[in-house]
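Visitor: Quick note: the sequence shown uses full-length UniProt numbering, first residue 1, plus one each step.
Just so you know, even glycine gets a beta-carbon here, dropped at the ideal spot from N, CA and C.
One structure coming up, written as structure tokens, with questions to follow.
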Amino acid sequence: MLVDTGVARSINFQKKVTVLAANNSGLPTAALRRLPHPLLGDLLSLHVVLDFLDPEKLDALRLGRTGKGSKVTTLLPGDEMKLLRVSGGEKSPITFSYAGPTGTGPPPRNATLLRVVTAQAFSVMVLQVSGLVLPGMMPATVASPFDVTKILSSYPEYSGFSNLLTQTGLARAINQHPIVTILAVNNTALSDELRGLPRLPLPALTDLLALHAVLDFLDQERLDALRRGRTGDGSIVTTMLQGTGAGARGRGAGFVRVSGGEDGRIAFSSGAPGGGVRRNATLVKVVTSQAFSVLVLQVSDLILPPGMAAPAPGPQRPRARHMSLPPTPAPAPMQLVPSPGMPEPEPEVPGNTPPPSAIIPIPSVHGGVAAKIPEAAAGRGAVGSWWSGAGAALGIMACLLGRL
Numbered sequence: 001m002l003v004d005t006g007v008a009r010s011i012n013f014q015k016k017v018t019v020l021a022a023n024n025s026g027l028p029t030a031a032l033r034r035l036p037h038p039l040l041g042d043l044l045s046l047h048v049v050l051d052f053l054d055p056e057k058l059d060a061l062r063l064g065r066t067g068k069g070s071k072v073t074t075l076l077p078g079d080e081m082k083l084l085r086v087s088g089g090e091k092s093p094i095t096f097s098y099a100g101p102t103g104t105g106p107p108p109r110n111a112t113l114l115r116v117v118t119a120q121a122f123s124v125m126v127l128q129v130s131g132l133v134l135p136g137m138m139p140a141t142v143a144s145p146f147d148v149t150k151i152l153s154s155y156p157e158y159s160g161f162s163n164l165l166t167q168t169g170l171a172r173a174i175n176q177h178p179i180v181t182i183l184a185v186n187n188t189a190l191s192d193e194l195r196g197l198p199r200l201p202l203p204a205l206t207d208l209l210a211l212h213a214v215l216d217f218l219d220q221e222r223l224d225a226l227r228r229g230r231t232g233d234g235s236i237v238t239t240m241l242q243g244t245g246a247g248a249r250g251r252g253a254g255f256v257r258v259s260g261g262e263d264g265r266i267a268f269s270s271g272a273p274g275g276g277v278r279r280n281a282t283l284v285k286v287v288t289s290q291a292f293s294v295l296v297l298q299v300s301d302l303i304l305p306p307g308m309a310a311p312a313p314g315p316q317r318p319r320a321r322h323m324s325l326p327p328t329p330a331p332a333p334m335q336l337v338p339s340p341g342m343p344e345p346e347p348e349v350p351g352n353t354p355p356p357s358a359i360i361p362i363p364s365v366h367g368g369v370a371a372k373i374p375e376a377a378a379g380r381g382a383v384g385s386w387w388s389g390a391g392a393a394l395g396i397m398a399c400l401l402g403r404l
């Protein structure tokens, strides 16, 4: 599992490390298979201590300054989440337990030291422990599925958002992910947003909502790390849209950027490149969470990719109204007398220059042209062909009358 998740590669870059390894019988294999690789990698990283814990160091740690043990740092990212506690009395075994924040799920599961497996010259130590060290939220994550619409049903202010998840079938897809963060919009903001958008077909609406389901658990600590990023301009997170073939919809379409300003407000924006106006959303509050598996955050607005957002507020132009022109009366027939010795004039057929295109681009979820309306083009083409046919008929009629 260390190799499959890439944790082994990270371990090899460390100068001093102690690996807490459980043997095959001590691993909850069935439960671990249900975890996505990122979450499994985090769990394994919690068993990699960034120190060389030889027996002498362990004896000092288990007592600590107050006799209640000591905290050690692991390979798991996050300032608070990466801590383990080493404790144990003089006649009791040494115990490793999770020292980070716990959820409301089952109590954490500890592991006891069994033996030293191997050591390598003050750099690598492998200790066998009785099992995995599990945070309190981990058993709930791997044991019980969730229903996102049932979670949102306790909050009627998000009923519109929940109904759209159900209508598009996205709720069922969300429930199949072990870990997800929902960026929900309340009914008032949702109504205002949809009123300002063109009528979206069901696939485009599904894509838009999928952009609001992040495949990560974005708690406060994780959000603080993401908004800074490596260069200070935020980080990119993966959404459900990326997992449903977003590559065909444009580069970066399935990603969301998490960033923040000096005021501390966290913003979410589309990760899709390109010009055009885009609409960002800011974090309002945490709505609810379920034991490291589901987190619901309220955001101010829908995240709209470039090309889909309305331009900045300005003088509103009236909408163009569709008008039908009355049919032009047919001109009176003209007497054409051919001149003697001159060839008979050919009827003039109006030019066959096509009219301007009436294809109306509809901005897709990712700012491209998602659909075109052929009816408008067909209607304009039909009018043009009617006039061409009428002109030809009038010319032929004039020639026939001239022969009489």
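1) Give the DSSP-derived three-state secondary structure of alanine 248 in the structure shown.
2) What are the start and end residues of the alpha helix (DSSP H) that includes threonine 5?
3) Count Cβ pairs between the segment 183-191 and the segment 157-170 that sit closer than 8 Å; are there 3 or more?
4) Can you say whether glutamine 220 is buried or exposed, counting buried as having 16 or more other CB atoms within 10 angstroms of its CB?
5) So glutamine 298 is in the beta strand (DSSP E); what residue range does that whole segment cover?
6) Enumerate in chain order the residues of its own chain whose CB-to-CB distance from leucine 152 is below 6 Å, with the five nearest sequence positions on each side excluded.
7) If you follow the alpha helix (DSSP H) that alanine 189 is part of, which residue opens it and which one closes it?
8) Using alpha carbons as the reference points, say which of Gln14, Gly271, Leu226, Gly169 lies closest to glycine 254.
9) With H, G and I counted as helix, E and B as strand and the rest as coil, what does DSSP make of threonine 282?
10) Take every Cβ of the segment 235-243, pair it with every Cβ of the segment 277-296, and state whether three or more of those distances are shorter than 8 Å.
11) Among Val17, Asp59, Arg9, which one has its Cα closest to the Cα of glycine 41?
12) Let me know if leucine 43 comes out buried or exposed under the rule of 16 or more other beta-carbons within 10 Å of its beta-carbon.
13) Helix, strand or coil: which one does DSSP assign to serine 339?
14) Taking the alpha-carbon of threonine 118 as reference, which of Leu200, Val148, Thr18, Leu83 has the nearest alpha-carbon?
15) Could you tell me the alpha carbon to alpha carbon distance between valine 214 and threonine 74, rounded to whole angstroms?
16) Assuming leucine 183 and leucine 297 make a contact with CB atoms under 8 Å, what is their CB distance in whole Å?
17) So within the segment 19-58, which uninterrupted alpha helix (DSSP H) runs reach at least 4 residues, ignoring any that extend past its ends?
18) In this structure, what does DSSP give as the bridge partners for arginine 115?
19) Using only CA atoms, which one of Thr206, Pro38, Lys15, Ser92 lies nearest to methionine 1?
20) Determine, using beta carbons only, whether valine 299 and valine 185 come nearer to each other than 8 Å.
21) With DSSP as the reference, identify every bridge partner of threonine 149, one or two as the case may be.
22) In chain order, what residues of the same chain have a beta carbon less than 7 Å from the beta carbon of arginine 62, not counting five sequence neighbours either side?
23) How many Å lie between proline 305 and arginine 279 at the Cα?
24) By DSSP's criteria, threonine 231 is part of a beta bridge. Which residues make up the other side?
25) Relative to the C-alpha of leucine 211, which candidate in Thr181, Arg222, Gly64, Gly196 has its C-alpha closest?
26) Suppose the cutoff is 7 Å on Cβ atoms and the five residues either side in sequence are ignored; what does the same chain contact list for valine 258 look like?
27) Tell me whether glutamine 176 sits in a helix, a strand or coil according to DSSP, three-state version.
28) Identify which residue in Val124, Thr149, Tyr98 has its Cα closest to the Cα of glycine 131.
29) For the alpha helix (DSSP H) containing phenylalanine 161, list its first residue and its last residue.
30) Have a look at the DSSP bridge pairing and note the partners of serine 97.
31) Buried or exposed for alanine 4, going by 16 or more other Cβ atoms inside 10 Å?
32) What's the call for proline 55, buried or exposed, on a 16-neighbour Cβ count within 10 Å?
33) Quick one: is the Cβ of valine 299 within less than 7 Å of any heavy atom of the ligand SAM?
Guide: From the atom records:
1) Unreliable placement is indicated for alanine 248, whose pLDDT of 42 sits below 50; no coordinate value is reported for it.
2) Note, threonine 5: alpha helix (DSSP H), 2-5.
3) With contact defined as three or more Cβ pairs closer than 8 Å, the segment 183-191 and the segment 157-170 are in contact.
4) Classification of glutamine 220: exposed, given that the 10 Å Cβ count is below 16.
5) Glutamine 298 -> beta strand (DSSP E) spans 294-299.
6) Contacts found: Tyr158, Ser162.
7) Per DSSP, alanine 189 is one residue of the alpha helix (DSSP H) stretching across 187-195.
8) When each option's Cα is compared against that of glycine 254, the closest is Gly271.
9) Residue state, collapsed to three classes: strand.
10) Touching, no, given that fewer than three Cβ pairs across the two stretches are closer than 8 Å.
11) Of the residues Val17, Asp59, Arg9, the one whose Cα lies closest to the Cα of glycine 41 is Arg9.
12) The Cβ neighbour count for leucine 43, taken over all protein chains shown within 10 Å, is at least 16; the residue is labelled buried.
13) Only weak support exists for where serine 339 lies, its pLDDT of 42 falling under 50; the coordinates are left without a value.
14) When each option's Cα is compared against that of threonine 118, the closest is Thr18.
15) One alpha carbon belongs to valine 214, the other to threonine 74, and they sit about 26 Å apart.
16) That belief holds up - the Cβ atoms of leucine 183 and leucine 297 are roughly 6 Å apart, short of 8 Å.
17) Listed in chain order, they are 29-32, 37-45.
18) DSSP lists Gln128 as the beta-bridge partner residues of arginine 115.
19) The option with the nearest alpha carbon to methionine 1 is Pro38.
20) Yes, Cβ-Cβ distance for valine 299 and valine 185 is below 8 Å.
21) Per DSSP, none; premise fails for threonine 149.
22) Correct list, in chain order: Gly69, Val86, Ser87, Gly88, Ile94.
23) Taking the straight line from one Cα to the other gives about 7 Å.
24) DSSP output for threonine 231 lists no bridge partner at all.
25) Distance from the Cα of leucine 211 is smallest, within the candidate group Thr181, Arg222, Gly64, Gly196, for Thr181.
26) Non-local beta-carbon contacts of valine 258 in its own chain, meaning distances under 7 Å to residues more than five positions away in sequence, involve Leu223, Leu226, Arg227, Gly234, Ser235, Val237, Ile266, Phe268 in chain order.
27) In this structure, glutamine 176 counts as coil in the three-state DSSP scheme.
28) The shortest Cα separation from glycine 131 among Val124, Thr149, Tyr98 belongs to Tyr98.
29) It spans 159-167 - the alpha helix (DSSP H) in which phenylalanine 161 sits, taken as one unbroken run.
30) In DSSP, serine 97 forms a bridge with Arg85.
31) A small correction: the amino acid at residue 4 is aspartate; alanine does not occupy that position in the sequence shown. The residue in question, aspartate 4, is exposed, as its Cβ has fewer than 16 Cβ neighbours within 10 Å.
32) Classification of proline 55: exposed, given that the 10 Å Cβ count is below 16.
33) This structure lacks the ligand SAM; in fact it carries no ligand of any kind.
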